[in-house]
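J.: Pasting a structure below so you can have a look.
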Amino acid sequence: MAGMNNINERYFILTYGCQMNVFDSEVISGHLEGMGFMPAENEEEADVLVINTCAVRKKAEDKVLSKLGKLKFLKEQKSTMTIVLWGCMAQQENIAKRVRERYGFIDLVGGTHSLGRFPELLEKARVSRRVVVDIDTVGEREDLPIRRGHSFKAWIPISYGCNNYCTYCIVPHVRGPEKSRPPQSIIDEVKALAANGYKEITLLGQNVNSYGKDLKEEVDFADLLKSLDSLDGLVHIRYMTSHPRDFNEKVIRTIQEGEKICEHFHLPIQSGSDKVLKLMNRGYTREYYLELIHNIKGIMDNFSITSDFIVGFPGEEEKDFEDTIDLMKEVEFDAAYTFIYSPREGTEALKMDGQIEPDVKKKRILTLNQIQGNISLEKNRQLLGTKQEVLVEGRSKTNPEKYTGRTRTNKIVHFFSNENLLGMLVNVKIIEAKSWTLTGEYK
Ligand code: SAH
Ligand code: SF4
Ligand code: F3S
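Quick note: the sequence shown, position 394, residue 393 per numbering that gives the first Met the number 0, numbers continuous.
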């Protein structure tokens with residue numbers, strides 16, 4: 000087998016960004032273990048160190064750049080180490096250029112499309128004295144090896160890339176156009192996981208609701224959900240991320256009728272102002288979004304709604320921001336992820352008029368966070384005293400009796416037990432509620 004000479008050598012992967020990156024890192028682990036590498040305990044111990052990067056906001060890139068500063072020092076101590084810069088940030092032309100000019104200690108730069116070529120690229124980089132760069136925009140992603148991070152929950156991409164071109168977003172630029180996986184290969188994969196004891200799957204895509212539109216077969220996201228729901232063994236089916244524009248009644252009904260599909264709706268609105276939504280190219284209006292929420296409330300009983308917001312988008316005036324506040328209060332989200340608009344190289348919004356001052360952006364995000372914090376707390380308090388079913392997902396590193404689980408509605412619950420409960424479905428009574436987490440009692 001190729002690369003068995005790598006035996007006794009170790010790898011470590013640092014993963015930034017979203018779940019799609021977490022999944023890609025599992026594929027990279029799969030490649031590395033296939034080549035004979037074993038996992039290392041930490042960065043220092045690694046012979047191959049992979050940094051799987053994110054480019055969605057400047058902050059994400061800054062984290063990687065500051066990490067690189069430290070790794071330069073590490074590589075000086077251990078010159079045999081191979082350092083790999085991978086993923087969304089690495090996919091950008093200007094990064095490869097910067098690496099050549101300033102980060103000479105990096106051995107390999109690989110983009111999101113190069114995943115299938117990882118082994119040969121790494122072999123090449125390990126013998127080459129110069130940095131190896133592969134940021135081609137084509138590549139096969141089916142049937143790659145994988146080393147999953149968990150034994151009871153799994154990430155399953157259903158589509159790669161994105162066609163939406165929201166004007167602020169780098170993702171379509173670094174992940175390419177949307178490409179759906181054939182339904183049968185998704186179903187077969189999930190079936191095999193369920194047979195191996197997996198309890199929860201999370202379907203991944205930048206816009207899961209447009210799943211299937213690029214396929215020859217007549218299949219949409221609701222059809223896929225329905226087929227997966229009928230498989231034996233699983234208990235939770237989750238998905239992310241859904242785009243409000245493509246979230247139709249058929250999907251809501253499928254979730255309502257489904258047994259395993261979790262009642263959690265993550266519907267990123269970004270802004271409550273029609274003017275800003277248009278500038279963002281989101282393809283829906285405030286009224287459309289409110290109608291969608293109204294539909295969900297009409298069809299579902301027990302469910303949660305969460306969202307993403309961007310403040311300080313170019314042209315966002317005080318009255319636009321007030322529309323956002325107003326919408327946030329009207330919908331009463333269970334939780335919201337709020338972001339300060341971050342200008343990205345190559346996107347349309349970068350060139351727009353009316354860029355907002357940093358201190359205004361900061362003030363706005365604090366206001367939103369405060370309002371949402373109160374709403375979340377209020378919603379979580381309503382659960383006090385109730386029994387909730389949670390899937391036990393993790394235990395604290397410092398205290399093995401402290402567990403973390405998640406409800407079907409995606410609420411995080413901490414509780415204590417001296418039994419071995421990892422990967423099990425248990426009932427807990429909610430005894431404490433905060434904005435972001437709940438504390439439960441397990442007996
Ligand atoms: N495909 C998903 C997730 C995209 S990234 C979706 O469309 O929902 C996750 C979130 O990051 C987005 O919903 C958006 O709120 C935020 N985001 C993306 N680009 C951004 C930028 N340039 N500045 C600030 N936030 C951004
Ligand atoms: Fe980015 Fe918009 Fe695509 Fe989401 S839908 S990945 S925000 S372009
Ligand atoms: Fe970041 Fe790439 Fe995900 S830019 S958010 S890691 S798709």
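Beta carbons are placed, not taken as given, at the ideal position from N, Cα and C, and that holds for glycine.
1) For the ligand SAH, is there any heavy atom lying closer than 7 Å to the beta carbon of P399?
2) If we cut at 8 Å on Cβ distances, does N163 have a partner in chain B?
3) Applying the criterion that 16 or more other CB atoms from any shown protein chain within 10 Å of the CB defines a buried residue, is A335 buried or exposed?
4) Which of the three DSSP states is assigned to Q381 in this structure?
5) Could you check which residue in I236, S270 and P38 has the C-alpha nearest to that of I185?
6) For A1, name the three-state secondary structure that DSSP assigns.
7) Identify, in the order they occur along the chain, each residue of the same chain with its Cβ nearer than 7 Å to the Cβ of K198, setting aside the five sequence neighbours on each side.
8) Report yes if the CB atom of G160 is closer than 8 Å to the CB atom of Q91, and no otherwise.
9) Of all residues in the structure, which have a C-beta closer than 6 Å to any heavy atom of the ligand MG, taken in chain order?
10) Pull up the distance between the alpha-carbon of V63 and that of K57, whole angstroms please.
11) Would A89 and G109 qualify as a contact pair, given that the criterion is a beta-carbon distance under 8 Å?
12) Based on the DSSP secondary-structure assignment, which residues constitute the bridge partners of P342?
13) Count the CB pairs spanning the region 75 to 83 and the region 341 to 357 that are closer than 8 Å, and state whether there are at least three.
14) Given a cut-off of 8 Å, decide if S209 and D245 are closer than it, judged by their beta-carbon atoms.
15) Start and end of the beta strand (DSSP E) containing V132?
16) What number of angstroms, rounded off, separates the C-alpha of M0 from the C-alpha of D46?
17) Starting from T436 and walking both ways along the beta strand (DSSP E), at which residues does that stretch end?
18) So for L251, helix, strand or coil by DSSP?
19) Which full runs of the beta strand (DSSP E) of 3+ residues lie inside the region 80 to 140, going along the chain?
20) For G393, list the residues DSSP reports as bridge partners.
21) Is the closest heavy atom of the ligand F3S to the C-beta of M239 under 7 Å?
22) Which residue's Cα is closest to the Cα of G345: G35, N20, N93 and I295?
23) Whole angstroms are fine: how far does the CA of E43 sit from the CA of E315?
24) Under three-state DSSP, which class holds P313?
25) Which residue's Cα is closest to the Cα of E8: F36, R140 and H293?
26) Bridge partners of K386, per DSSP?
27) Label D213 either buried or exposed according to how many other C-beta atoms from any shown protein chain fall within 10 Å of its C-beta, with 16 as the threshold for buried.
28) Which of helix, strand or coil does DSSP assign to I12?
29) Kindly indicate the opening and closing residues of the beta strand (DSSP E) around K152.
30) With a cut-off of 8 Å, do at least 3 Cβ pairs link the region 374 to 382 to the region 421 to 437?
31) For G211, tell me which candidate among L224, A348 and S113 has the shortest Cα-Cα distance.
32) If you draw a straight line from the alpha carbon of V275 to that of G86, how long is it in whole angstroms?
33) Below 8 Å, how does it come out for the region 171 to 191 and the region 380 to 400: are there three or more Cβ pairs, yes or no?
34) On a Cα-Cα basis, can you pick out the residue from S65, D133, Y288 and D231 that is closest to G196?
T.: Checking against the coordinates, here is how it stands:
1) For the ligand SAH, not one heavy atom lies less than 7 Å from the Cβ of P399.
2) Absence of chain B from the displayed structure is noted, only one protein chain being present.
3) Flag for A335 reads buried.
4) Note: Q381 maps to coil in three-state DSSP.
5) Measuring from the Cα of I185, the nearest candidate turns out to be I236.
6) Low local confidence applies: a pLDDT of 49 at A1 is under 50, so the model's placement there is unreliable, with the coordinate-based value given in what follows. A1: coil per DSSP, three-state reduction.
7) Once the five neighbours on either side are set aside, the close Cβ partners of K198 are F151, K152, L233, V234, H235, L390 and G422.
8) No. Outside cutoff.
9) Of the ligands one can find in the structure shown, namely the ligand SAH, the ligand SF4 and the ligand F3S, none is the ligand MG.
10) Using only the alpha carbons, I get a separation of about 10 Å.
11) Going by beta carbons, A89 and G109 fall inside the 8 Å limit.
12) None; P342 has no bridge partner.
13) Segments in contact, no.
14) Yes.
15) First-last of the beta strand (DSSP E) with V132: V131 to D133.
16) Low per-residue confidence applies at M0: pLDDT is 47, beneath 50, and the placement is therefore not dependable, though the value from the model is reported in the following sentence. Approximately 20 Å, taken between the alpha carbons.
17) First-last of the beta strand (DSSP E) with T436: T436 to E440.
18) Here residue 251 turns out to be Ile, not Leu, going by the sequence shown. Reduced to three states, the DSSP call for I251 is helix.
19) Counting only runs of 3 or more, we get 81 to 86, 107 to 109 and 131 to 133.
20) G393 pairs with T403.
21) No, Cβ of M239 sits at least 7 Å from all heavy atoms of the ligand F3S.
22) Comparing alpha-carbon positions, the option among G35, N20, N93 and I295 lying closest to G345 turns out to be N93.
23) Distance from the CA atom of E315 to the CA atom of E43, rounded to whole angstroms, is 46 Å.
24) Residue state, collapsed to three classes: coil.
25) The residue with the shortest Cα to Cα distance from E8 is F36.
26) K386 is bridged to K428.
27) Exposed, by the Cβ-count rule.
28) In the structure shown, I12 sits in a strand (DSSP, three-state: E or B).
29) Unbroken beta strand (DSSP E) run through K152: K152 to P156.
30) By the Cβ test, the region 374 to 382 is in contact with the region 421 to 437, since at least three Cβ pairs between them sit closer than 8 Å.
31) The candidate whose alpha carbon is nearest that of G211 is L224.
32) C-alpha separation (whole angstroms): 30 Å.
33) No, because fewer than three Cβ pairs between the region 171 to 191 and the region 380 to 400 fall closer than 8 Å, the two stretches do not touch.
34) In terms of Cα proximity to G196, the closest of S65, D133, Y288 and D231 is D231.
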